[in-house]
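Residue numbers (the working numbering), protein chains in the order written: chain A, 6 to 424; chain B, 6 to 424. I have placed the structure first, in the form of structure tokens, so that the comments after it can refer back to it.
Protein chains: 2
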Amino acid sequence: MKKVIIVGGGFAGLNAAKGLGNKKNIEVTLIDSRNHHLFQPLLYQVAMAGLSPADIAMPIREILKKFKNVRVLQGNVESLKLAERTIVTDFGEKSYDYLILACGAKHTYFSHSEWEVFAPGLKTIEQATEIRRRVLTAFEKAERENDPLDQKKHLTFVIVGGGPTGVELAGAIGEMSRFTIAKEFRNIDPKLTKVILIEAGPRILPSFTEASSSQATRDLEKLGVQVWTSSPVTQVDDRGVAVGEERINAATVLWAAGVKASHLNNYLGLKLDQSGRVPVRGDMCLHQFPEVFVCGDQASVTMEGSDEPLPGLAPVALQQGRYVARQVIREVQGKPRENFKYHNKGQMATIGRSRAVAEMGKFRFSGFLAWMTWLLVHIYYLTGFKNRLFVVIQWAWAYISFDRGARLIVDKEWRFYAD
Amino acid sequence: MKKVIIVGGGFAGLNAAKGLGNKKNIEVTLIDSRNHHLFQPLLYQVAMAGLSPADIAMPIREILKKFKNVRVLQGNVESLKLAERTIVTDFGEKSYDYLILACGAKHTYFSHSEWEVFAPGLKTIEQATEIRRRVLTAFEKAERENDPLDQKKHLTFVIVGGGPTGVELAGAIGEMSRFTIAKEFRNIDPKLTKVILIEAGPRILPSFTEASSSQATRDLEKLGVQVWTSSPVTQVDDRGVAVGEERINAATVLWAAGVKASHLNNYLGLKLDQSGRVPVRGDMCLHQFPEVFVCGDQASVTMEGSDEPLPGLAPVALQQGRYVARQVIREVQGKPRENFKYHNKGQMATIGRSRAVAEMGKFRFSGFLAWMTWLLVHIYYLTGFKNRLFVVIQWAWAYISFDRGARLIVDKEWRFYAD
Chain A
6 MKKVIIVGGG FAGLNAAKGL GNKKNIEVTL IDSRNHHLFQ PLLYQVAMAG LSPADIAMPI
66 REILKKFKNV RVLQGNVESL KLAERTIVTD FGEKSYDYLI LACGAKHTYF SHSEWEVFAP
126 GLKTIEQATE IRRRVLTAFE KAERENDPLD QKKHLTFVIV GGGPTGVELA GAIGEMSRFT
186 IAKEFRNIDP KLTKVILIEA GPRILPSFTE ASSSQATRDL EKLGVQVWTS SPVTQVDDRG
246 VAVGEERINA ATVLWAAGVK ASHLNNYLGL KLDQSGRVPV RGDMCLHQFP EVFVCGDQAS
306 VTMEGSDEPL PGLAPVALQQ GRYVARQVIR EVQGKPRENF KYHNKGQMAT IGRSRAVAEM
366 GKFRFSGFLA WMTWLLVHIY YLTGFKNRLF VVIQWAWAYI SFDRGARLIV DKEWRFYAD
Chain B
6 MKKVIIVGGG FAGLNAAKGL GNKKNIEVTL IDSRNHHLFQ PLLYQVAMAG LSPADIAMPI
66 REILKKFKNV RVLQGNVESL KLAERTIVTD FGEKSYDYLI LACGAKHTYF SHSEWEVFAP
126 GLKTIEQATE IRRRVLTAFE KAERENDPLD QKKHLTFVIV GGGPTGVELA GAIGEMSRFT
186 IAKEFRNIDP KLTKVILIEA GPRILPSFTE ASSSQATRDL EKLGVQVWTS SPVTQVDDRG
246 VAVGEERINA ATVLWAAGVK ASHLNNYLGL KLDQSGRVPV RGDMCLHQFP EVFVCGDQAS
306 VTMEGSDEPL PGLAPVALQQ GRYVARQVIR EVQGKPRENF KYHNKGQMAT IGRSRAVAEM
366 GKFRFSGFLA WMTWLLVHIY YLTGFKNRLF VVIQWAWAYI SFDRGARLIV DKEWRFYAD
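Structure (structure tokens):
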């Protein structure tokens with residue numbers, strides 16, 4: 006019986022567990038600090054009050070319950086002892102025959118961690134509800150404010166980072182203020198809302214073609230979003246952001262500008278890349294420890310014929326997770342390993358209702374067709390029949406009513422209420 | 006133009022605002038510390054992972070958007086200056102011609118507020134998700150625990166208070182451990198779960214008849230819930246609870262034992278009752294200040310022919326809110342006030358799936374029929390077509406699949422994740 010430990014229940018870890026599920030002579034323990042698998046591509050919709058957290062998060066043990074050889078434990082992995090084939094958790098040490106590390110990435114502020122309090126990122130359910138709280142509270146404060154300068158500050162939203170998440174957040178805030186909120190306020194004209202998307206590089210969506218990038222900029226501008234490119238942010242504080250000499254007063258700043266791989270990579274004894282990712286062999290394992298696989302956002306994998314490592318996208322992690330499971334099974338069966346091959350499924354970003362940009366191989370399209378494709382692809386990949394059904398209904402409702410289903414301001418902390 | 010200020014967007018305040026909506030010569034400002042109206046009768050289902058917060062909470066300004074004379078402000082009312090017809094909020098003072106106080110109640114620990122940290126109550130969305138976190142985390146900890154005594158402690162759940170909320174919580178935990186969780190754990194037998202409902206008085210559901218009370222006890226016992234009556238809790242701490250000499254070791258203790266009306270009652274200059282409620286005239290206003298109405302859980306109203314004040318139930322608050330709106334309109338039109346009359350719609354409590362007890366006038370029924378009635382009544386009163394639709398779908402799903410839709414452990418506090 007070979008003991009496999011999987012750390013992380015994201016796309017990579019979950020698919021590795023599924024691949025190893027109910028396989029002979031293999032015993033799997035999946036450890037995650039959360040009880041749920043999070044469908045991160047739709048997390049921005051929770052932040053924008055379109056979906057509820059439970060719509061895109063599912064208990065890992067529920068997803069894996071049919072695999073009798075898989076055990077799920079909620080806990081933190083604190084460090085790794087690769088030489089002893091042991092991991093250290095907050096509930097004791099665990100030994101393994103194979104270790105699959107799939108802990109993903111969190112956002113980074115490029116040595117300015119003091120900015121986080123003013124500009125939350127978007128990687129967890131808590132952060133999504135915090136962003137939702139800040140955005141909705143800004144409108145509430147603007148409504149009760151009589152000073153026009155303060156009102157203007159409350160109605161200014163800055164999103165730092167022009168990747169897909171930044172574009173999706175900016176588009177959603179633009180749309181929210183134009184359509185959803187407009188009818189419900191008496192003291193403000195929500196159309197006064199200013200949404201500014203700031204990107205350090207020369208264009209937004211840098212991983213897309215220039216044509217898609219221009220299309221996305223135009224689509225955002227139609228929603229009233231101002232796009233600032235070649236604008237590296239130099240300061241974030243309680244007044245707003247600075248871009249060199251320029252200053253924007255904004256009550257709400259959101260961060261979508263950079264990610265860094267899990268801190269567990271520091272225990273691997275290897276030089277990490279700029280984003281903290283660890284270089285792995287062609288079969289996704291460590292050079293010195295072939296029984297240790299690293300996949301998803303935690304690994305840096307460069308395919309033959311390319312200079313760039315694979316991007317931190319769900320399809321990459323999903324394929325790597327499945328691939329690693331197959332290699333473990335092959336080895337247990339006495340077969341040699343194969344090399345990982347990535348099947349590029351393309352990339353997409355959505356901009357408010359009815360608009361998106363998509364690139365699949367040589368095909369590039371935008372507008373309603375791209376948006377419908379985006380919808381179908383995300384529904385298809387979403388885990389669990391119930392979640393799919395609920396998201397479809399909420400989207401249909403939102404499309405017809407211009408309403409957002411989950412406009413709930415929940416307190417950041419759990420307060421005591423009794424005397 | 007008469008200025009009406011309503012404090013509180015619960016059943017009483019919301020229905021007062023609806024009653025005054027689009028009425029001539031009346032200008033309404035509704036102030037609530039939250040942006041949402043909460044359908045509290047279903048809050049226990051959020052705590053028990055059956056529904057998502059957004060399913061039972063709706064933005065107040067969305068509900069009232071069609072009333073052009075109603076303005077909604079999110080903010081805290083800090084004190085009252087009745088002689089000056091002014092309220093003091095955290096965004097300044099506001100004057101009124103009519104004031105409608107409908108701030109409800111929070112739970113109380115009978116001079117033991119230090120118990121709250123060990124035994125959260127259930128009045129807000131935050132508390133519901135905190136209870137959900139504790140209950141689900143207890144199962145997670147039991148799964149990774151090897152010491153049988155610690156495991157037993159994690160699997161012991163104590164609910165203090167045998168009113169409808171306590172009964173509903175106990176039934177739901179019993180059911181959750183029997184059906185939903187059983188298949189997904191490897192290291193524990195979730196049937197080992199011990200659920201204890203503790204009531205200080207001689208029987209649970211004291212506001213119901215003795216027959217209903219006995220029926221509910223039998224139904225709870227079928228779900229494995231142990232009912233302890235005549236058992237006043239004397240201590241709550243991190244080990245569990247004490248009832249006199251007896252001790253129960255429990256990792257999870259929930260509080261459903263008592264409520265106290267809003268602290269704003271302290272500004273009314275009147276002697277309050279045991280639950281902090283203020284006595285009002287037959288027309289729901291203060292004796293000295295007929296322009297100040299108090300309704301819902303904040304007021305103590307005794308109908309003719311009864312010794313007991315009206316209970317803190319949604320139908321009472323709803324009828325009082327509507328009634329007060331009518332009186333303001335009458336007075337603005339120069340008509341005299343009428344007295345408040347309460348139409349008793351009965352009471353209900355549900356116990357797990359397919360079981361409930363209900364009393365309506367002389368009719369008393371239980372079992373599946375009562376449960377169906379409970380479902381229909383709650384769906385009928387739930388605000389908003391979308392919320393109704395979603396709750397119906399989730400209930401149907403849960404009924405078929407024995408699954409709970411929102412088994413999500415969300416952190417208590419928003420943590421910082423960046424370096």
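Glycine included, each C-beta is placed from N, C-alpha and C at the ideal position. Small disclaimer: the values here were computed from a predicted structure and weren't measured.
Just checking, does the region 40-54 of chain A make contact with the region 124-137 of chain A on the three C-beta pairs under 8 Å criterion? yes
For a contact defined as C-beta to C-beta under 8 Å, what are the partners of I414 (chain A) on chain D? Looking at the structure shown, chain D is missing, and the protein chains on hand are A and B.
Relative to chain A, which residues along the region 162-189 of chain B have a C-beta separation below 8 Å, given in chain order? K188 and E189
L106 (chain B) by DSSP, collapsed to three states: which one? Mapped onto the second sequence, residue 106 (chain B) falls at position 101. L106 (chain B) falls in the strand class under three-state DSSP.
Could you spell out the range, first to last residue, of the beta strand (DSSP E) harbouring R76 (chain B)? Locating residue 76 (chain B) in the second sequence gives position 71, counting from the first residue. Start and end: V75 to Q79.
Please say whether G263 (chain A) and A255 (chain A) have beta carbons closer to each other than 8 Å? As a working note, residue 255 (chain A) is residue 250 in the first sequence. As a working note, residue 263 (chain A) is residue 258 in the first sequence. Result no, Cβ atoms of A255 (chain A) and G263 (chain A) do not sit closer than 8 Å.
For V12 (chain B), the nearest candidate out of B:I384, B:K391, B:M377 and B:V297 (CA to CA): Working through the second sequence from its first residue, we reach residue 12 (chain B) at position 7. Selected option, being the one with the closest Cα: B:V297.
Does the beta carbon of R438 (chain B) sit closer than 8 Å to a beta carbon anywhere in chain A? Since the first residue shown for chain B is 6 and the last is 424, residue 438 (chain B) is missing from the structure and cannot be characterised.
Taking only beta-carbon atoms, is R66 (chain B) less than 8 Å away from chain A? The sequence position of residue 66 (chain B) within the second sequence is 61, counting from 1. So, interface residue.
Quick check: K29 (chain B) and Y103 (chain B), are their CB atoms within less than 8 Å of each other? Translated into positions along the second sequence, residue 29 (chain B) becomes position 24. Translated into positions along the second sequence, residue 103 (chain B) becomes position 98. No; because the gap between Cβ atoms is not below 8 Å, this pair is not in contact.
Would you call L154 (chain B) buried or exposed, if buried means 16 or more other Cβ atoms sit within 10 Å of its Cβ? Taking the first residue of the second sequence as position 1, residue 154 (chain B) is located at position 149. Its Cβ having fewer than 16 others within 10 Å, L154 (chain B) is exposed.
Candidates A:R183, A:M63, A:W120 and A:S371: closest to T257 (chain A) by CA position: Here residue 257 (chain A) corresponds to residue number 252 of the first sequence, with the count starting at 1. Minimum Cα distance to T257 (chain A) is reached at A:W120.
By the three-class DSSP mapping on this structure, what secondary structure does D37 (chain A) have? Here the question's residue 37 (chain A) lines up with position 32 in the first sequence. Correct three-state label for D37 (chain A): strand.
Rounded to whole angstroms, what's the CA-CA distance from T355 (chain A) to A319 (chain A)? Just pull it up for me. Position 350 of the first sequence, counting from 1, holds the residue named residue 355 (chain A). Position 314 of the first sequence, counting from 1, holds the residue named residue 319 (chain A). One C-alpha to the other measures close to 16 Å.
Quick one, which residues of the region 247-260 of chain B are near chain A if we go by CB-CB under 7 Å, in chain order? none
Closest to I178 (chain B) by C-alpha separation, out of B:K227, B:E204 and B:N192, would be which residue? Numbered from its first residue, the second sequence carries residue 178 (chain B) at position 173. Of the candidates B:K227, B:E204 and B:N192, the one whose C-alpha sits nearest the C-alpha of I178 (chain B) is B:K227.
From A:C290, A:R282 and A:Q45, pick the residue whose C-alpha is nearest to that of Q332 (chain A); which is it? For this step, residue 332 (chain A) is matched to residue 327 along the first sequence. Cα-wise, what sits closest to Q332 (chain A) is A:C290.
Output the residue ranges of the beta strand (DSSP E) runs that lie fully inside the region 215-303 of chain B and measure 3 residues or longer, sorted by chain position. 230-233, 240-242, 245-248, 251-254, 257-260, 264-266 and 297-299
Using a Cβ-Cβ cut-off of 6 Å (strictly less than) and excluding sequence neighbours within five positions of N20 (chain A), which residues of its own chain qualify? On the first sequence, residue 20 (chain A) is found 15 positions in, with the first residue counted as 1. The answer, listed in chain order, is L323, G326 and R327.
How big is the Cα-Cα spacing for R137 (chain A) and S116 (chain B)? On the first sequence, residue 137 (chain A) is found 132 positions in, with the first residue counted as 1. On the second sequence, residue 116 (chain B) is found 111 positions in, with the first residue counted as 1. Their backbone Cα atoms lie some 36 Å apart in a straight line.
Near-chain B residues of the region 281-305 of chain A - C-beta to any C-beta below 7 Å: none
If you follow the alpha helix (DSSP H) that L202 (chain A) is in, where does it begin and where does it stop? To locate residue 202 (chain A), count along the first sequence from 1; it is residue 197. Per DSSP, L202 (chain A) belongs to no alpha helix (DSSP H); it is in the beta strand (DSSP E), K199 to I203.
Going by DSSP, what residue range makes up the alpha helix (DSSP H) through K23 (chain B)? In the second sequence, counting from the first residue as 1, residue 23 (chain B) sits at position 18. Where K23 (chain B) is concerned, the enclosing alpha helix (DSSP H) stretches over F16 to L25.
Assigned exposure category for A423 (chain B) - 16 Cβ within 10 Å defines buried: For the purposes of this step, residue 423 (chain B) is identified with residue 418 of the second sequence, where counting begins at 1. The predicted model places A423 (chain B) with a pLDDT of 44, which falls under 50 and marks its position as unreliable, so this point remains unresolved.
Ordered along the chain, which non-local residues of its own chain (more than five positions away) have a Cβ less than 6 Å from that of G389 (chain B)? Within the second sequence, residue 389 (chain B) is the residue found at index 384, counting from 1. Only M63 meet the Cβ criterion.
CB contact flag (V165 (chain B), V230 (chain B), <8 Å): On the second sequence, position 160 is the one that residue 165 (chain B) refers to. On the second sequence, position 225 is the one that residue 230 (chain B) refers to. No.
Less than 8 Å between the CB atoms is what I'm expecting for V362 (chain B) and S212 (chain B), so what's the real figure, rounded? Locating residue 362 (chain B) in the second sequence gives position 357, counting from the first residue. Locating residue 212 (chain B) in the second sequence gives position 207, counting from the first residue. Their Cβ separation, rounded to whole angstroms, is 11 Å, which puts V362 (chain B) and S212 (chain B) out of contact at 8 Å.
Integer Cβ distance of N81 (chain B) from N27 (chain B), believed to fall under 8 Å: For the purposes of this step, residue 81 (chain B) is taken as residue 76 along the second sequence, with counting starting at 1. For the purposes of this step, residue 27 (chain B) is taken as residue 22 along the second sequence, with counting starting at 1. In fact, because the Cβ distance is near 28 Å, the residues do not count as touching under 8 Å.
Taking 8 Å as the threshold (beta carbon to beta carbon), is L225 (chain A) in contact with chain B? Working through the first sequence from its first residue, we reach residue 225 (chain A) at position 220. Output row for L225 (chain A): interface = no.
By Cβ distance below 8 Å, which residues in the same chain neighbour E148 (chain A) in space, the five residues on each side in sequence not counted? As a first step, residue 148 (chain A) must be located in the first sequence, where it is residue number 143. Around E148 (chain A): F190, R191, N192 and I193.
Could you check whether K99 (chain B) and I92 (chain B) sit closer than 8 Å to each other, using their CB atoms as the reference points? In the second sequence, counting from the first residue as 1, residue 92 (chain B) sits at position 87. In the second sequence, counting from the first residue as 1, residue 99 (chain B) sits at position 94. Contact flag set, yes.
Which partner residues does L85 (chain B) have in the DSSP bridge list? Sequence index remark: in the second sequence, residue 85 (chain B) carries index 80 (1-based). The partner list for L85 (chain B) (beta bridge, DSSP) reads B:I92.
Does the separation of the CB atoms of L160 (chain A) and L197 (chain A) fall below 8 Å? Residue mapping note: residue 160 (chain A) aligns to position 155 of the first sequence, counting from 1. Residue mapping note: residue 197 (chain A) aligns to position 192 of the first sequence, counting from 1. Result yes, Cβ atoms of L160 (chain A) and L197 (chain A) sit closer than 8 Å.
Whole-angstrom distance between K70 (chain B) and K188 (chain A), CA atom to CA atom: Here residue 188 (chain A) corresponds to residue number 183 of the first sequence, with the count starting at 1. Here residue 70 (chain B) corresponds to residue number 65 of the second sequence, with the count starting at 1. Each residue's Cα considered, the two are about 7 Å apart.
What is the DSSP secondary structure of T113 (chain B), counted as helix, strand or coil? Position 108 of the second sequence holds residue 113 (chain B). Residue state, collapsed to three classes: coil.
Could you tell me the alpha carbon to alpha carbon distance between D288 (chain B) and K23 (chain B), rounded to whole angstroms? Counting from 1 along the second sequence, the entry for residue 288 (chain B) is found at position 283. Counting from 1 along the second sequence, the entry for residue 23 (chain B) is found at position 18. Spanning the two alpha carbons is a distance of roughly 19 Å.
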